[in-house]
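Chemist: This structure is in structure tokens; I'll ask about it shortly.
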Amino acid sequence: MTPPRDEATTLLAQVFSSLVRTVAPLNDLAPPSPLETNSHARSIKTPSPARPYRQPIAVDMESTCCFSLLRSLVLLLLLCVAAAATLDPADFLELQAVRKQLEDMPGSHFFSAWDFTADPCEFPGVFCASGRVVALALGEPRAGSPGLRGRLDPALGRLSALSELSLVPGRVAGPVPDGLARCRDLRFLALSKNLLSGRIPAGLASLPRLRTLDLSYNRLSGPLPPALADAPVLSNIVLCHNQLSGHLPRFRDSAPLLRLDLKRNNLSGSLPPLPPSLRYLALGSNSLTGRVDAVLPRLNRLNFLDLSSNLFSGPIPASVFGFPLETLQLQRNAFAGPLTPRGDVAVAVVDLSYNRFSGSVPPQLASAGRLYLNNNRLTGVVPARLIHGLSGRLQLLYLQHNFLTGIEFAPAVAAIPLGAALCLQYNCMVPPFQTPCPLKAGAQGMRPADQCPQWRS
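Given below as structure tokens:
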């Protein structure tokens, strides 16, 4: 707790009293007054014991030195009392410990204003309430700041009133302090884009008020703490671009989870049931396996879904195409079966490439913004609606590396807008489609004749 100001005043008075008692004997060293040296006055003055007499010059020097020391001590005491009256002494010491373990990268000037003779609550990145540190934003927030380097001191866990802790991108290494689990008021923890390593402290999952956990773009390893699935109010889990392994925890249906971003890790196993509250699910670039048709239909509030670059298999539920999605990324898996959307798919990005989808191309996909269906096993003709869509919302249509045999309505190439990207190479078109693919689609050859029965007739 913050020391009361009357206690600080009492302390100051005690120091004054002590210093005055130290200086008082100097009065005995002063020279006789003019009154005492006057003969007439001396004749009527009450006699007093003789006092030792020293030269005035020596007395002046000692008095000056003592009062100069007194003034310096008082000023120092006032500074200490002012700081103590503003910030809890324990938090003051913990901030000093945090500072000793971190330093500015070249070009960063975050710590230049951290002068502990001043009020720490006025430091950049330090926010106080009722004499306690309640938020700590380490590093300059400006875009392009080089950030900090060093380590996170365990003292962070002793800032017991801390509710927010963030760290700008930099080169801070070492573990995430286990002691942060003692910050029971912690609501926001963001330490992304540094060099943090080791395991995620299991105690973080038990924090009763934690809503956002962002440790992305680090070097964290080991399994996900199972208790994350039971965190009472945790709504944002962002742990992408690490080296985490093991299985996904099984979240309860009532979990308030809105964002789960675990892409680019080493996670394995199947997709467990997830809470229907999810709005953002990113699990791309892991080693997850199995079917998803029993899990996805419940997640009908998703606006972002990325399951790309895994080992998922089986069909895609038709209901997924009706979610309020902005992005649907299912590429580079082993999904199979037909594509059966129930209505127009007004999704900005639909990427179903590099799978094993079969059957015809659904015309309902013409409402998408960018459509990647390349490298599958699609057959039949390209619906005219898709080609016409290139003059409207559809900006990109990749259908190369399938077994398509023609276009339902073959418009002149000039009818396709110059800004549209269309690729139909490496199919079984009769006659073969000659329009070159965009450079971004890569070099495209001709499918071997023995793979296209139409060419053998």
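Numbered according to the UniProt record's numbering, the sequence shown spans residues 1 to 457. The beta carbon of each residue, even a glycine, is placed where N, CA and C say it ideally should be.
#1: Considering only C-alpha positions, which residue in the set ARG149, ARG356, GLY203 is nearest to MET105?
#2: From the DSSP output, in three-state form, read off ILE387 for me.
#3: Just confirm the distance between the C-beta atoms of PHE357 and ALA336, as a whole number of angstroms; I'd bet it's less than 8 Å.
#4: Go through its chain and collect everything with a Cβ distance to LEU302's Cβ below 8 Å, but skip five positions before and after it.
#5: Given a cut-off of 8 Å, decide if GLY284 and LEU267 are closer than it, judged by their beta-carbon atoms.
#6: Hey, VAL349 and ARG370 are a contact pair by Cβ (cut 8 Å); roughly how many whole angstroms apart?
#7: On the DSSP letters alone, give me the boundaries of the alpha helix (DSSP H) that GLN101 sits inside.
#8: Less than 8 Å separating the beta-carbons of VAL172 and LEU274?
#9: Quick one: grab the DSSP three-state call for PRO154.
#10: Under the three-state reduction of DSSP, which class applies to THR340: helix, strand or coil?
#11: Which residues in the same chain as TYR354 place their Cβ atom closer than 7 Å to its Cβ, once the five residues preceding and following it in sequence are excluded?
#12: What did DSSP end up calling THR117 once you bin it into helix, strand or coil?
#13: Using alpha carbons as the reference points, say which of LEU271, GLY203, LEU220 lies closest to ALA231.
#14: Put GLY222 into one of helix, strand or coil per three-state DSSP.
#15: Looking at ASP253 and ILE237, is the spacing between their C-beta atoms short of 8 Å?
#16: Please return the same chain residues whose Cβ sits closer than 6 Å to the Cβ of residue 507, not counting the five positions on each side in sequence.
#17: Between ALA190 and ALA205, which are expected to be in contact by the criterion C-beta below 8 Å, what is the C-beta distance as a whole number of angstroms?
#18: Using DSSP with H/G/I as helix, E/B as strand and the rest coil, what is VAL126?
#19: What is the C-beta distance between ARG184 and LEU165, in whole angstroms, given that I count them as a contact (C-beta under 8 Å)?
#20: Check whether the Cβ atoms of PRO177 and LEU196 sit closer than 8 Å, and answer yes or no.
#21: Please classify ARG142 as buried or exposed, where buried requires at least 16 neighbouring CB atoms within 10 angstroms.
#22: Considering only residues of the same chain and omitting the five flanking positions on each side of LEU234, which have a CB-CB separation below 6 Å?
#23: Per DSSP, what kind of secondary structure is PHE433 in: helix, strand or coil?
#24: Just how far apart, CA to CA, sit LEU257 and LEU167?
#25: Take HIS109 as the anchor and find which of ASP119, PRO124, PRO120 has the nearest alpha-carbon.
#26: Hey, could you find the ends of the beta strand (DSSP E) SER287 is sitting in?
#27: Does DSSP put SER358 in a helix, in a strand, or in coil?
#28: By DSSP, does GLY406 sit in helix, in strand, or in coil?
#29: Under the rule that 16 or more other beta-carbon atoms within 10 Å means buried, what is ALA97, buried or exposed?
#30: Beta-carbon separation of PRO154 and GLY179 under 8 Å?
#31: Using beta-carbon positions only, say whether GLN400 and TYR426 come within less than 8 Å of one another.
#32: From GLY174 to ARG219, what distance separates their C-alpha atoms?
#33: State yes or no: is the C-beta of residue 460 within less than 8 Å of the C-beta of PRO341?
#34: Who are the Cβ neighbours of ALA421 in its own chain at under 6 Å, not counting the five residues just before and after it?
#35: Residue ranges of each beta strand (DSSP E) run of no fewer than 3 residues wholly in the stretch 262-313, ordered along the chain?
#36: Do ALA294 and ALA255 have their C-beta atoms within less than 8 Å of each other?
Modeler: Let's see:
#1: With distances taken between Cα atoms, MET105 lies closest to ARG149.
#2: Reduced to three states, the DSSP call for ILE387 is helix.
#3: Going by Cβ atoms, the distance from PHE357 to ALA336 rounds to 7 Å, so yes, they are a contact pair.
#4: Taken in chain order, the residues that qualify are LEU278, ARG279, TYR280, LEU281, PHE323, PRO324, LEU325.
#5: For LEU267 and GLY284, no; Cβs fall outside 8 Å.
#6: About 5 Å separates the beta carbons of VAL349 and ARG370, which is inside the 8 Å limit, making them a contact pair.
#7: For GLN101, the enclosing alpha helix (DSSP H) has its first and last residue at 89-101.
#8: By the CB criterion at 8 Å, VAL172 and LEU274 fall outside the cutoff.
#9: Three-state DSSP puts PRO154 in a helix.
#10: Here DSSP, grouped into helix, strand and coil, assigns THR340 to coil.
#11: Excluding its 5 nearest sequence neighbours in each direction, TYR354 has C-beta neighbours in its own chain below 7 Å: GLN331, ARG332, ASN375, listed in chain order.
#12: Looking at THR117 - three-state DSSP - the assignment turns out to be coil, as it is neither helix nor strand.
#13: It is GLY203.
#14: Look at GLY222 here: in three-state DSSP terms it is strand.
#15: Contact flag unset, no.
#16: Lying before the first or after the last residue shown, residue 507 is absent from the chain, which here runs from 1 to 457.
#17: Not quite, the Cβ-Cβ distance comes to about 16 Å (not below 8 Å), so this is no contact.
#18: Per DSSP, reduced to three states, the secondary structure at VAL126 is strand.
#19: Wrong, their Cβ atoms sit about 13 Å apart, outside the cutoff.
#20: No.
#21: Taking every protein chain shown into account, the CB of ARG142 has fewer than 16 other CB atoms within 10 angstroms, so this residue is exposed.
#22: Sequence-distant Cβ neighbours of LEU234 in its own chain, meaning closer than 6 Å and more than five residues away, are LEU210.
#23: If DSSP states are grouped into helix, strand and coil, PHE433 belongs with coil.
#24: Between LEU257 and LEU167, the alpha-carbon positions lie close to 23 Å from each other.
#25: Considering only ASP119, PRO124, PRO120, the residue with the shortest C-alpha distance to HIS109 is PRO124.
#26: From DSSP, the beta strand (DSSP E) with SER287 extends over 287-291.
#27: In this structure, SER358 counts as strand in the three-state DSSP scheme.
#28: In the three-state DSSP reduction, GLY406 falls in the strand class (E or B).
#29: ALA97 counts as exposed, since fewer than 16 other C-beta atoms from the protein chains shown sit within 10 angstroms of its C-beta.
#30: In this structure, PRO154 lies near GLY179, with their beta-carbon atoms less than 8 Å apart.
#31: In contact: GLN400 and TYR426 (Cβ atoms closer than 8 Å).
#32: Between GLY174 and ARG219, the C-alpha separation is close to 9 Å.
#33: The chain is shown from 1 up to 457; residue 460 falls before or after that span and cannot be answered.
#34: Excluding residues within five positions, the ones whose Cβ falls inside 6 Å are LEU396, PRO438.
#35: The qualifying runs are 266-270, 280-282, 287-291, 304-306.
#36: No. Outside cutoff.
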